[in-house]
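Encoded as structure tokens, the structure appears first; notes follow it.
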Amino acid sequence: MTARKITVEVPLDLLEKAQRASGTGVTQTVRTGLQLVAASGTYARLRQLRGKARFTRTWAELKDDR
1 MTARKITVEV
11 PLDLLEKAQR
21 ASGTGVTQTV
31 RTGLQLVAAS
41 GTYARLRQLR
51 GKARFTRTWA
61 ELKDDR
């Protein structure tokens with residue numbers, strides 16, 4: 001994996017809130033935020049499927065399969 005070093009200016013209060021929420025340092029907080037933004041398109045597509053997917057197994061069968 002290659003990495004790219006960047007400089008980002010963010011509001012201090014936003015960074016502090018994000019760090020408190022993630023419980024991690026600046027670098028990991030920014031990485032997590034970028035991963036969430038990158039995944040947002042997938043989440044949007046999944047929301048569009050709500051109520052449209054049919055399953056062949058019942059909830060009880062899925063629970064028993066643990």
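The working numbering puts the first residue of the sequence shown at 1, with every later residue one more than the last. Quick reminder that beta carbons are idealized off the backbone N, C-alpha and C, glycines included. Please read all numbers here as calculations on a predicted model, not as lab measurements.
Contact between Q19 and V10 does not hold, since the beta-carbon distance rounds to 11 angstroms and is not under 8 angstroms. Look at A53 here: in three-state DSSP terms it is coil, with no helix or strand label.
Distance between T58 and K52, taken at the CA atoms: about 16 angstroms. The continuous alpha helix (DSSP H) containing T29 extends over residues V26 to Q48.
Per DSSP, reduced to three states, the secondary structure at D65 is coil, with no helix or strand assignment.
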